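Protein sequences appear in the order of chains A and B. Residue numbers for the first sequence follow full-length UniProt numbering, so the first one is 1 and each next one is one higher. Residue numbers for the second sequence follow full-length UniProt numbering, so the first one is 1 and each next one is one higher. Glycine included, each C-beta is placed from N, C-alpha and C at the ideal position. The model shown is predicted, which means the values in this text are computed figures rather than measured ones.
Number of protein chains: 2
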Amino acid sequence: MTELGRRERKKLQTRQSISDAALELFMARGFDDVGVKEIADRADVSVTTLFKHFPSKESLLFDEDEEQKSALLGAVRDRPAGASIPQALRDHFVEAAKGHADHPLFADFQHLVRSTPALRAYAHRMWMRHQEALAQVIAADIGVPEDDVRCAALARFALEARDLIFDQPDRGRAADEVFGLLEHGWAADQQS
Amino acid sequence: MTELGRRERKKLQTRQSISDAALELFMARGFDDVGVKEIADRADVSVTTLFKHFPSKESLLFDEDEEQKSALLGAVRDRPAGASIPQALRDHFVEAAKGHADHPLFADFQHLVRSTPALRAYAHRMWMRHQEALAQVIAADIGVPEDDVRCAALARFALEARDLIFDQPDRGRAADEVFGLLEHGWAADQQS
DNA sequence: TACAAAAGTGCAATCACTACACTTTTGAAC
DNA sequence: GTTCAAAAGTGTAGTGATTGCACTTTTGTA
Chain A
1 MTELGRRERK KLQTRQSISD AALELFMARG FDDVGVKEIA DRADVSVTTL FKHFPSKESL
61 LFDEDEEQKS ALLGAVRDRP AGASIPQALR DHFVEAAKGH ADHPLFADFQ HLVRSTPALR
121 AYAHRMWMRH QEALAQVIAA DIGVPEDDVR CAALARFALE ARDLIFDQPD RGRAADEVFG
181 LLEHGWAADQ QS
Chain B
1 MTELGRRERK KLQTRQSISD AALELFMARG FDDVGVKEIA DRADVSVTTL FKHFPSKESL
61 LFDEDEEQKS ALLGAVRDRP AGASIPQALR DHFVEAAKGH ADHPLFADFQ HLVRSTPALR
121 AYAHRMWMRH QEALAQVIAA DIGVPEDDVR CAALARFALE ARDLIFDQPD RGRAADEVFG
181 LLEHGWAADQ QS
């Protein structure tokens with residue numbers, strides 16, 4: 001689409017160098033045992049430049065998740081006929097988890113993030129940023145005002161559900177139970 | 001119950017001085033515009049001592065929430081006969097919110113916390129710490145293993161719900177809708 | 001070719017937080 | 001009452017992320 005000039009290409013290249021350096025060092029020695037100075041050195045830029053490209057040390061590991069976001073919204077918007085929204089979200093998460101299981105590198109990355117409090121918190125915050133957009137897609141889908149509370153709640157709960165499920169040993173079953181709760185409510189199973 | 005010796009009394013007193021100093025300064029000038037040095041000075045202790053009593057700058061504003069926690073667990077455990085768990089949690093949150101509306105100082109405190117990203121995040125993290133305990137109480141109540149996923153999910157969603165509801169203009173209605181979702185599920189309202 | 005914007009640099013500073021080695025206080029045992 | 005070890009407190013010096021500033025270099029473009 002958009003042809004990038006040399007300037008923009010170089011800028012992206014610098015950004016990528018920094019990002020690469022950070023990933024390698026963090027994976028090798030852990031987030032807390034690598035300083036930004038060392039990353040900047042390896043990427044052959046100054047610390048100042050590093051912070052012109054990334055707002056914080058944590059952000060070095062997380063590139064734009066525009067893709068992730070649109071996949072999420074798409075999963076709801078373009079769900080198969082007859083599928084409910086919670087079902088669509090459940091399926092989307094299970095699929096995504098499967099896709100990640102392929103990449104062996106990704107598992108290490110996940111482990112790094114989940115075992116480092118600062119990264120875990122940052123990743124969670126980034127992920128929850130999608131709440132508003134998701135809520136709006138849901139609201140549009142069922143034809144209610146875009147600030148409807150129930151849509152906001154479903155969006156929030158579903159996004160939280162992903163992390164909740166990730167901790168469970170049997171993720172498939174966990175996903176079924178958690179999204180079952182969202183779909184049919186707490187009351188559904190209690191008096192059975 | 002426990003008689004406190006002079007030593008422990010003095011320790012608590014020091015802690016309180018620090019806490020008071022922090023609250024006053026933060027309320028007057030905002031969280032980010034007050035340094036820990038200044039707080040320590042006003043409390044007439046060293047910065048080192050300040051950090052012996054509190055693990056971080058944010059924690060200066062949040063005292064032990066053991067009380068809050070047991071109130072939360074009690075609301076579920078001792079709920080009126082016939083009330084469901086989501087209902088009990090809903091009522092508990094609505095009651096708590098009312099109680100806070102009384103204290104005029106509390107409103108300012110709330111505003112400070114909610115308008116300062118670092119504090120907002122910290123408060124949220126503290127609040128969500130109750131998830132595990134709440135999940136266990138729920139599990140015990142309905143007689144399932146304490147690591148049941150649905151209980152963990154209900155606990156998490158309910159705790160998240162509080163903050164979600166707080167943002168809404170009409171909190172009573174919002175509470176009804178959000179906890180209605182937890183109680184009866186997304187499907188319940190959709191095909192009506 | 002000249003010029004303004006963009007990208008990058010180096011330095012000094014801020015600020016939360018920690019490690020350390022030290023003094024003072026205090027509770028309790030003798 | 002004296003003694004002694006633990007607890008509480010202090011001051012200093014450091015680390016490490018992040019920012020502001022004044023500066024040079026690069027690059028698109030007129």
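| query | result |
| --- | --- |
| Chain A within 9 Å of R79/B, Cβ atoms only | no |
| H103/B, buried or exposed, once every other Cβ within 10 Å from all chains shown has been counted against 16 | exposed |
| Candidates D32/B, A22/B, F54/B and D33/B, of which the one nearest D41/B by Cα | A22/B |
| Among E58/B, G5/B, D32/B and D176/B, nearest to R150/A - alpha-carbon criterion | D176/B |
| Coil, strand or helix - K52/B by DSSP | helix |
| Proximal residues of chain B, C-beta to C-beta of Q168/A below 7 Å | V149 |
| A40/B: CB within 8 Å of a non-hydrogen atom of the ligand MN | Absent from the structure shown: the ligand MN. Ligands present: none. |
| T14/A in three-state terms, based on DSSP | helix |
| Closer than 9 Å to chain B by CB, F157/A | yes |
| Runs of alpha helix (DSSP H) wholly within the region 142–170 of chain B (minimum 4 residues, chain order) | 149–166 |
| Helix, strand or coil at F106/A [DSSP, three-state] | helix |
| Buried versus exposed call for V137/A [16 or more other C-beta atoms within 10 Å across all chains shown] | buried |
| Within chain B, the residues that A140/A reaches when beta carbons sit closer than 7 Å | Those do not exist, as A140/A stays about 15 Å from chain B at its closest Cβ, beyond 7 Å. |
| Proximal residues to W127/B (C-beta, below 7 Å), its chain only, five neighbours per side dropped | L159 |
| Within chain A, partners of G35/B - CB distance below 9 Å | The premise fails here: G35/B is roughly 20 Å from chain A at the closest Cβ pair, so nothing lies under 9 Å. |
| Pick from F93/B, F106/B and R120/B that is closest to R173/B, judged by C-alpha positions | F93/B |
| Run of the alpha helix (DSSP H) containing H130/A, from where it starts to where it stops | Neither: H130/A is in no alpha helix (DSSP H) and is coded neither H nor E. |
| Collapsed DSSP secondary structure at G74/B in the structure displayed | helix |
| Neighbouring residues, chain B, relative to A133/A (Cβ below 9 Å) | What A133/A touches in chain B: nothing, since even the nearest Cβ is about 16 Å away. |
| Neighbourhood of R120/B by C-beta distance below 7 Å, restricted to the same chain and skipping five residues each side | V113 and R114 |
| Contact list for P86/A against chain B, beta-carbon separation under 9 Å | G185, W186 and A187 |
| Sequence-distant residues of its chain with Cβ nearer than 7 Å to V34/B (five each side left out) | L25 and F26 |
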